[in-house]
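Worksheet: one structure, shown below.
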Amino acid sequence: MATIKKPSVDAVLVGFGWTGAIMGMELTAAGLKVLALERGENRDTVPDFAYPRITDELSYGIRGKLFQNLSKETVTIRHTPADVAVPYRQHGSFLLGDGVGGAGVHWNGHHWRALPADLQLRSTYEARYGKKFIPEGMYLQDFGVSYDELEPHFDQFEKICGTSGKAGNVKGQIQAGGNPFEGWRSNEYPLPPLASPNSAVLFEKAARELGYHPFPQAAANASRAYTNPHGAQLGPCNFCGFCERYGCYMYAKAAPQTTLLPSLMKRSNFELRTRSHVQRVNMSPDGKRATGVTYIDAQGNEVEQPADLVVLCAYQMHNVRLLLLSNIGKKYDPATGEGVVGRSYAYQLNGGAALHFDKDQPMNPFVGAGASGHAMDDFDGDNFDHGPLGFVGGATINCINTGGRPIQQLSLPAGTPTWGAGWKKAAKENYVYQTSVGSQGSVMAYRDNYLDLDPTYKDAFGQPLLRMTFDWKDNDMAMTAFISTKVEQIAKAMNPKHISMGFKKKGDHYDVRPYQSTHNTGGAIMGTDPNTSAINRYLQTWDVPNVFVMGASAFPQNFGYNPTAVVAALAYWSAAAIRDKYLKNPGALA
Amino acid sequence: MTDLPEPGRRGFLRRSIAIVPAATALTATGFVVAQNAAVPPAAASPAPAGPPYTPVYFHTEEWAFIQAAVARLIPSDDTGPGAIEAGVPEFIDRQMEGGFGQAATWYMQGPFVPSSPLFGYQGKMLPREVYRAGIAATDAWCKQQKAGKRFAELDAATQDEVLKGLDGGTIQFAEVGAKDFFTFLLQNTKEGYFSDPIHGGNKNAASWKMIGFPGARADFLDWVNKPGVHYPLPPVSINGPQG
């Protein structure tokens, strides 16, 4: 294998999804010469997501044409530190992205800001319920950055995406029709909400009549034609029903391709190299500075790329793995609780009710967008009194109709046979009349849910795979049991013919087969104490000041929201710190 | 576009034309506009039957098994098309030769260790090898238990009983996981039933017609928030209107 050494750049970005594109925009605007390295292929709306080929459920939704090819690299998974992990051989529970745009291509576009309390979770719980309320073994931490500090960056990302929604709190004034629990916002959403599918209209009425506070889901699926601050043009969403797992053929779903790349790719101080798979961050002999990265190019050459600044912009798991492979930061050890890299892996615990209606109430499930529908925040975050309930966390409850693709999304009443004449008859009678009420619940961080390198399994280049040790914990099961009573109450009020409840119960173990959530978090968490976080509040590694780490790997624990807007806001916040502070005096920012 | 050598250029044009269905238009800006909702419903007559499909992967006896098994998993009756009319056997044969059958995007490095089903399929065998071994094992089991008959030679009720045994774990094999085999078979049968007709199954989009899924229309701006209204148009494929 030939080793090639390339000329140095000011900043190298590892991975080119949302955070890579944001960093690319912000750092080139600061005058840096920026190189992005993406292991996958280049992709754009045309030709890669063009109609009609993109409406192929089998190729995209089921076989995962846009997902990471696991034959080259995956993770291994086990339930406890005493088990032997086995590879995540096929996509199931979470869907890793690949190529330009990353998972920002095949997301649904649910757009949530964090609650102010989410960002200061330990402080909030200790103040309201006392220190003893937090169970033994749970690692609850503050992010180290406040909502007020992030607000301008949430606002910025909403304008980039052309987010469609209804504000609930503008400058402290509660707005009718929006989410009354949300943090203050400096502006209304850039676009009005998407229209609601039939099912969400019923949900909204039922939830409101029960005294809850439903509101239109904020969507990075444009409800109108829109031009963003970079001049990128989005088209209006047409409810095609092929959103998550697909690229958007309508230029309506915000993705790096539709919002940032049209501007970034024209900048002379920016370069993108695709099919460039970064192996490690290279370090100076004293281990105090990164000197660049080494990657394998499409032809198998090993390439050394020197850089003054290294920004890890890959998916949560890949960022953590690169830190481990590069020996940046002390590795986490669950036996002692010491070390930080790999600490606090978390996930989400979701549930739902499948609803089936009578023939006079067609739901037309194929009429959908990734984020079309209503949600409510009454039992999420610390929006309700946890004192008598005894658990930490909560869930958003929603009725979102993303589509009705029949291989993946056909839903039949509980007790229906899985094959044979009875199955076919149920499919015929129920498909048009199906909908669901779902919950998206938080999962906290725990001492023995963590990430490290697998001792056995290797990737296509011979490097160890990441190993995930994860299982459900009683606190989160208590949360979802409580949420299930609320989901059932609302589902009943919608008055369907049949309700089938689908919630996990205490004693259930993590099952990697069914899709659950691509909202994996932690492993390189942010904070204010280098003993309990891998990166500081500016997303800069504590030990190596010229390495920054983006992504949901920074979340100290997970919440009941989709993470993308928080990930993007943190990237803008970090980019501002690099531009305004780090470049003037390159060193530790905290 | 750069100049391609003549054969390459012809090939490119052929491929380009092949992916643009009648229902699609390219505007001057390159923006693809879905106009399929305006396509009038095609006549309800089924498309003329083509020549019978000749399997590429499955041997004759395996092919008989596949046809018999999918005919029980989704039987033909008054409700709607069965797996045979939907072309599911052709779909599965094509999948065996494609990425799925060869686990092209699955991590298939060892060691392969027995583990809880919660961690998904952990076998060393490719899906198409699981089919080959699973069919042979099921036929051998049937011959031993059912008076020397292969699965395809059994009556429908007995076939159902065997499939339930594979599904429920009461039939087990030494050489391949019976449940793994059944899981792939049922998954692929439903995929072949419901996927776009371009993959060889769902002939004439008949399963979509049965349940009311409009297929590749993918343009419903006028149909959101219409309580009580059934969507009126029949399905289209990526390849255009279906019979």
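Listed in order, the protein sequences are those of chains A and B. If you're matching positions, the first sequence starts at 537 in this note's numbering and goes up one per residue. If you're matching positions, the second sequence starts at 9 in this note's numbering and goes up one per residue. Backbone N, C-alpha and C fix where the C-beta goes; we use that ideal spot for every residue, glycine too. Note that the structure is a prediction, hence the values are computed from the model and not measured.
- C-alpha gap between P623(A) and M1004(A), whole angstroms: In the first sequence, residue 623(A) corresponds to position 87, counting from 1. In the first sequence, residue 1004(A) corresponds to position 468, counting from 1. Rounded to whole angstroms, the separation of the alpha carbons of M1004(A) and P623(A) is 10 angstroms.
- Message: Would E93(B) and A214(B) be called neighbours here (beta carbons separated by less than 8 angstroms)?
- Response: Here residue 93(B) refers to the residue found at position 85 of the second sequence. Here residue 214(B) refers to the residue found at position 206 of the second sequence. Judged by beta-carbon spacing, A214(B) lies within the 8 angstroms limit of E93(B), meaning their Cβ atoms are closer than that value.
- Could you tell me which uninterrupted beta strand (DSSP E) segments, each at least 3 residues in length, are contained entirely in the stretch 558-638 of chain A, listed from first to last along the chain? The stretch 558-638 of chain A is shown to contain whole beta strand (DSSP E) runs of 3 or more residues at 570-573, 611-614, in chain order.
- Evaluate the contact criterion for the stretch 956-966 of chain A versus the stretch 1050-1068 of chain A: three or more CB pairs, one atom per stretch, below 8 angstroms. For the pair of segments examined, the stretch 956-966 of chain A was found not to touch the stretch 1050-1068 of chain A: the number of CB pairs separated by less than 8 angstroms stays below three.
- Straight-line Cα distance separating T699(A) from N1098(A): On the first sequence, position 562 is the one that residue 1098(A) refers to. On the first sequence, position 163 is the one that residue 699(A) refers to. Cα to Cα, the separation comes out at about 14 angstroms.
- Message: To test your reading of the DSSP string, which unbroken alpha helix (DSSP H) runs of 4 or more residues are found completely within the stretch 702-786 of chain A?
- Response: Listed in chain order, they are 734-745.
- Rounded C-alpha distance that separates T1016(A) from G673(A): Taking the first sequence and counting its residues from 1, one reaches residue 1016(A) at position 480. Taking the first sequence and counting its residues from 1, one reaches residue 673(A) at position 137. Approximately 19 angstroms between the Cα atoms of the pair.
- Message: Can you check whether the C-beta of G109(B) is within less than 8 angstroms of a C-beta belonging to chain A?
- Response: Along the second sequence, read from residue 1 onward, the residue named residue 109(B) stands at position 101. No - not a single Cβ of chain A is within 8 angstroms of the one on G109(B).
- Message: Please tell me whether T591(A) and F778(A) are closer than 8 angstroms, where the distance is taken between their beta carbons.
- Response: Here residue 591(A) refers to the residue found at position 55 of the first sequence. Here residue 778(A) refers to the residue found at position 242 of the first sequence. Their beta carbons are under 8 angstroms apart, which means T591(A) touches F778(A) by this criterion.
- Task: Quick one: residues in its chain with C-beta nearer than 6 angstroms to the C-beta of Q677(A), no 5 flanking neighbours on either side, listed in chain order?
- Result: Stepping through the first sequence from its first residue, residue 677(A) is reached at position 141. R658, G1063, P1092.
- Check distances from the C-beta atoms of the stretch 76-87 of chain B to those of chain A and list, in chain order, the residues that come in under 9 angstroms. Among the residues of the stretch 76-87 of chain B, those with a Cβ less than 9 angstroms away from any Cβ of chain A are R80, L81, I82, P83, D85, T87, in the order of the chain.
- Message: Could you check whether S732(A) and H910(A) sit closer than 8 angstroms to each other, using their CB atoms as the reference points?
- Response: As a first step, residue 910(A) is located in the first sequence; it is residue number 374 there, counting from the start. As a first step, residue 732(A) is located in the first sequence; it is residue number 196 there, counting from the start. Between H910(A) and S732(A), the gap from beta carbon to beta carbon is short of 8 angstroms.
- Query: According to DSSP, what are the bridge partners of E807(A)?
  - Reply: As a working mapping, residue 807(A) is identified with position 271 in the first sequence. In the DSSP assignment, E807(A) forms a beta bridge with L571(A).
- Query: In its own chain, which residues sit with a C-beta less than 8 angstroms from the C-beta of A46(B), not counting the 5 before and 5 after it?
  - Reply: As a first step, residue 46(B) must be located in the second sequence, where it is residue number 38. In this prediction, A46(B) has a pLDDT of 39, which is less than 50 and means its spatial position is unreliable; nothing more can be read from the coordinates.
- The alpha helix (DSSP H) enclosing Q195(B), as first and last residue numbers: If you number the second sequence from 1, residue 195(B) lands on position 187. Boundaries of the alpha helix (DSSP H) harbouring Q195(B): 186-202, taken from the DSSP string.
- Query: Which residues, in chain order, does the stretch 986-1006 of chain A contribute to contact with chain B at a C-beta distance below 8 angstroms?
  - Reply: Listed in sequence order: T992, Y993, K994.
- Message: Against K234(B), what residues of chain A qualify as contacts under a CB-to-CB distance less than 7 angstroms, listed in chain order?
- Response: Here the question's residue 234(B) lines up with position 226 in the second sequence. Listed along chain A are N734, each with a C-beta nearer than 7 angstroms to that of K234(B).
- Message: What does DSSP give as the partner residue(s) for D163(B) in the beta ladder?
- Response: Along the second sequence, read from residue 1 onward, the residue named residue 163(B) stands at position 155. None; D163(B) has no bridge partner.
- Task: Identify the contact partners of H238(B) in chain A, using a Cβ-Cβ distance below 8 angstroms as the criterion.
- Result: For the purposes of this step, residue 238(B) is taken as residue 230 along the second sequence, with counting starting at 1. For H238(B), the chain A residues whose C-beta falls within less than 8 angstroms of its own C-beta are P898, N900, V968, listed in chain order.
- Message: What does the alpha-carbon distance come out to for the pair S1110(A) and R664(A)?
- Response: Residue 1110(A) sits at position 574 when you count from the first residue of the first sequence. Residue 664(A) sits at position 128 when you count from the first residue of the first sequence. In this structure, the straight-line span from the alpha carbon of S1110(A) to that of R664(A) is close to 30 angstroms.
- Item | Whole runs of the alpha helix (DSSP H) within the stretch 1008-1083 of chain A, excluding any shorter than 4 residues | If we require 4 residues or more, the alpha helix (DSSP H) runs fully inside the stretch 1008-1083 of chain A come out as 1010-1029.
- Query: Under a CB-based cut-off of 8 angstroms, is H1045(A) close to chain B?
  - Reply: Your numbering for residue 1045(A) matches position 509 in the first sequence. Cβ-Cβ to chain B under 8 angstroms: yes for H1045(A).
- Query: Going along the chain, which residues of the stretch 58-69 of chain B sit with their C-beta nearer than 7 angstroms to a C-beta in chain A?
  - Reply: Taking 7 angstroms as the cut-off between beta carbons, none of the residues of the stretch 58-69 of chain B comes near chain A.
- Query: In the DSSP assignment, what are the bridge partners of C935(A)?
  - Reply: As a working mapping, residue 935(A) is identified with position 399 in the first sequence. Looking at the DSSP assignment, C935(A) forms a beta bridge with H910(A).
- In chain order, what residues of the same chain lie with their CB nearer than 6 angstroms to the CB of V1102(A), ignoring the 5 residues before and after it? Along the first sequence, read from residue 1 onward, the residue named residue 1102(A) stands at position 566. The residues are A650.
- Message: I want to verify the contact list: residues of chain B whose CB lies under 7 angstroms from the CB of I598(A), in sequence order.
- Response: On the first sequence, residue 598(A) is found 62 positions in, with the first residue counted as 1. What I598(A) touches in chain B: E199.
- Is the stretch 1109-1125 of chain A in contact with the stretch 864-880 of chain A, if contact means three or more CB pairs nearer than 8 angstroms? Contact fails between the stretch 1109-1125 of chain A and the stretch 864-880 of chain A, because fewer than three Cβ pairs, one in each stretch, are under 8 angstroms apart.
- Item | chain B residues whose Cβ lies nearer than 8 angstroms to that of E593(A) | To locate residue 593(A), count along the first sequence from 1; it is residue 57. Neighbours of E593(A) in chain B, taken as residues at a C-beta separation under 8 angstroms, are given in chain order as F202, S203, D204.
- Task: Determine, using beta-carbon pairs with one atom in the stretch 894-908 of chain A and one in the stretch 853-871 of chain A, whether at least three such pairs fall under 8 angstroms.
- Result: In short, these stretches do not touch, since the Cβ pair count stays below three.
- the stretch 175-194 of chain B: which residues have C-beta closer than 8 angstroms to a C-beta of chain A, in chain order? Residues of the stretch 175-194 of chain B with a C-beta atom less than 8 angstroms from some C-beta of chain A are D175, L194, listed in chain order.
- Message: Just to check my reading of the structure: I82(B) and K741(A) have Cβ atoms closer than 8 angstroms, yes? What is that Cβ distance to the nearest angstrom?
- Response: Here residue 82(B) refers to the residue found at position 74 when the second sequence is read from its first residue. Here residue 741(A) refers to the residue found at position 205 when the first sequence is read from its first residue. At roughly 38 angstroms, the Cβ-Cβ gap does not stay under 8 angstroms, so I82(B) and K741(A) are not in contact.
- Message: Rounded to whole angstroms, what is the Cα-Cα separation between F120(B) and V620(A)?
- Response: The count along the second sequence starts at 1 and reaches residue 120(B) at position 112. The count along the first sequence starts at 1 and reaches residue 620(A) at position 84. Going by the C-alpha atoms only, they are around 12 angstroms apart.
- Query: If you measure from the beta carbon of K1033(A) to each beta carbon in chain B, is any gap under 8 angstroms?
  - Reply: Looking up residue 1033(A) in the first sequence gives position 497. No, no contact with chain B.
- Query: What's the gap between the Cα of Y982(A) and the Cα of P97(B)?
  - Reply: Within the first sequence, numbered from 1, the residue matching residue 982(A) stands at position 446. Within the second sequence, numbered from 1, the residue matching residue 97(B) stands at position 89. Take the alpha-carbon of Y982(A) and the one of P97(B): they are about 48 angstroms apart.
- Message: Using the Cβ count rule (16 or more neighbours within 10 Å means buried), how would you classify D1010(A)?
- Response: Within the first sequence, residue 1010(A) is the residue found at index 474, counting from 1. Counting Cβ neighbours within 10 Å, D1010(A) comes out exposed, since fewer than 16 surround it.
- Which of helix, strand or coil does DSSP assign to K1117(A)? Residue numbering aside, residue 1117(A) sits at position 581 when the first sequence is read from its first letter. Of the three classes helix, strand and coil, the one that applies to K1117(A) here is helix, per DSSP.
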